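Encoded as structure tokens, the structure appears first; notes follow it.
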Amino acid sequence: GQQLNQSPQSMFIQEGEDVSMNCTSSSIFNTWLWYKQEPGEGPVLLIALYKAGELTSNGRLTAQFGITRKDSFLNISASIPSDVGIYFCAGQPAGGTSYGKLTFGQGTILTVHP
Amino acid sequence: GAVVSQHPSWVICKSGTSVKIECRSLDFQATTMFWYRQFPKQSLMLMATSNEGSKATYEQGVEKDKFLINHASLTLSTLTVTSAHPEDSSFYICSAAAGGADTQYFGPGTRLTVL
């Protein structure tokens, strides 16, 4: 099925650095969601975006819904060791026939060195 | 708010047995629940969409007779893996969405190991 292109696939950074990851699609999306997943756990919702151009923050996290509705980015400022995990973007394609069904990115594995 | 639970959190069973996994929305009514499967270091793969009071919609390649889904109430959906085999070993995660909402909230997952 349709997939989102999420990059980078992995990141190794020092504590205190800022992080940026993004997702792109060839088609338009109505909703963009960013989740974080830790080992052995289910994904936890970080930020939800519902309008093109929307910029939303959640603590040190900031995400934006691209104007073209085909992309989104997530920034993490001043990273700390507990930011370690896999970050997934997800979205609901416009004009989809399955209500509420999400398309997921491949994930970005984040490692933070103290 | 928006808490989703799963039970059990892990299960080990013998090949040929059936395993039931429960997914509950604890503080909201979930019109729709979704079941995913995830392999190590991979993204989530949607298996089926479950709507309360109706038959589940399965993704292409997912056997509906092997993965039985029941969504009997607005707060509970169950996934039964019938006649489990070692290749069914995986991490199964459910999610729930309230009516009219595009946002899915995920359960903590169930680790299934089939010997």
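From first to last, the protein sequence lines are chains A and B. Under my numbering, think of the first position of the first sequence as 1, with each following residue one higher. Under my numbering, think of the first position of the second sequence as 115, with each following residue one higher. By construction, the Cβ of each residue, glycine as well, lies at the ideal position given by its N, Cα and C atoms. If you're wondering where the values come from, they're calculated on a predicted model, not measured in any experiment.
Based on Cα-Cα distance, which residue from the options lies nearest to residue i?
{"i": "ALA212 of chain B", "options": "B:LYS169, B:PHE142, B:VAL228, B:GLN174", "result": "B:PHE142"}
{"i": "SER164 of chain B", "options": "B:ALA186, B:GLY130, B:THR196", "result": "B:ALA186"}
{"i": "ILE67 of chain A", "options": "A:ALA94, A:GLU54, A:SER20, A:VAL44", "result": "A:GLU54"}
{"i": "GLY85 of chain A", "options": "A:PRO43, A:SER26, A:GLY59", "result": "A:PRO43"}
{"i": "SER132 of chain B", "options": "B:PHE148, B:PRO200, B:THR145", "result": "B:PRO200"}
{"i": "VAL228 of chain B", "options": "B:TRP149, B:SER139, B:ALA198, B:LEU188", "result": "B:ALA198"}
Round the Cβ separation of residue i and residue j to the nearest angstrom and send it over; I've been treating them as touching at under 8 angstroms.
{"i": "VAL118 of chain B", "j": "PHE220 of chain B", "result": "6 angstroms"}
{"i": "GLN152 of chain B", "j": "SER203 of chain B", "result": "Contact doesn't hold; Cβ gap of about 12 angstroms is too wide."}
{"i": "PHE88 of chain A", "j": "GLN37 of chain A", "result": "6 angstroms"}
{"i": "HIS189 of chain B", "j": "SER139 of chain B", "result": "For clarity, residue 189 of chain B is Thr in the given sequence; the question names His instead. Their Cβ separation, rounded to whole angstroms, is 5 angstroms, which keeps THR189 of chain B and SER139 of chain B in contact under 8 angstroms."}
Please state the DSSP three-state secondary structure of residue i.
{"i": "PRO114 of chain A", "result": "coil"}
{"i": "GLU136 of chain B", "result": "strand"}
When the Cα atoms are used, what is the spatial distance from residue i to residue j?
{"i": "PRO81 of chain A", "j": "ILE207 of chain B", "result": "26 angstroms"}
{"i": "GLN120 of chain B", "j": "LYS155 of chain B", "result": "21 angstroms"}
{"i": "PRO39 of chain A", "j": "GLY167 of chain B", "result": "33 angstroms"}
{"i": "ILE70 of chain A", "j": "ILE28 of chain A", "result": "It should be noted that the sequence gives Lys, not Ile, for residue 70 of chain A. Their Cα atoms are separated by approximately 5 angstroms."}
{"i": "LYS128 of chain B", "j": "SER157 of chain B", "result": "27 angstroms"}
{"i": "ILE76 of chain A", "j": "THR24 of chain A", "result": "18 angstroms"}
{"i": "LEU160 of chain B", "j": "MET21 of chain A", "result": "23 angstroms"}
{"i": "LEU46 of chain A", "j": "THR56 of chain A", "result": "10 angstroms"}
{"i": "LEU4 of chain A", "j": "LYS178 of chain B", "result": "26 angstroms"}
{"i": "ASN30 of chain A", "j": "GLY175 of chain B", "result": "27 angstroms"}
{"i": "GLY16 of chain A", "j": "LYS101 of chain A", "result": "36 angstroms"}
{"i": "TYR172 of chain B", "j": "VAL112 of chain A", "result": "38 angstroms"}
{"i": "ALA48 of chain A", "j": "SER191 of chain B", "result": "24 angstroms"}
{"i": "LEU33 of chain A", "j": "VAL125 of chain B", "result": "30 angstroms"}
{"i": "LEU226 of chain B", "j": "VAL195 of chain B", "result": "10 angstroms"}
{"i": "PHE65 of chain A", "j": "LYS169 of chain B", "result": "34 angstroms"}
{"i": "PHE12 of chain A", "j": "THR108 of chain A", "result": "11 angstroms"}
{"i": "LEU193 of chain B", "j": "CYS137 of chain B", "result": "8 angstroms"}
{"i": "SER7 of chain A", "j": "PRO114 of chain A", "result": "23 angstroms"}
- Where in the segment 42–114 of chain A do unbroken runs of the beta strand (DSSP E), each at least 3 residues long, occur, reported from the N-terminal end onward? 44–49, 55–58, 61–65, 71–76, 85–93, 108–113
- Task: Ignoring anything shorter than 4 residues or poking outside the segment 149–225 of chain B, list the alpha helix (DSSP H) runs there in chain order.
- Result: The DSSP assignment places no complete run of the alpha helix (DSSP H) inside the segment 149–225 of chain B (cut-off: 4 residues).
- Whole alpha helix (DSSP H) runs in the segment 15–45 of chain A with 4 or more residues, listed along the chain? none
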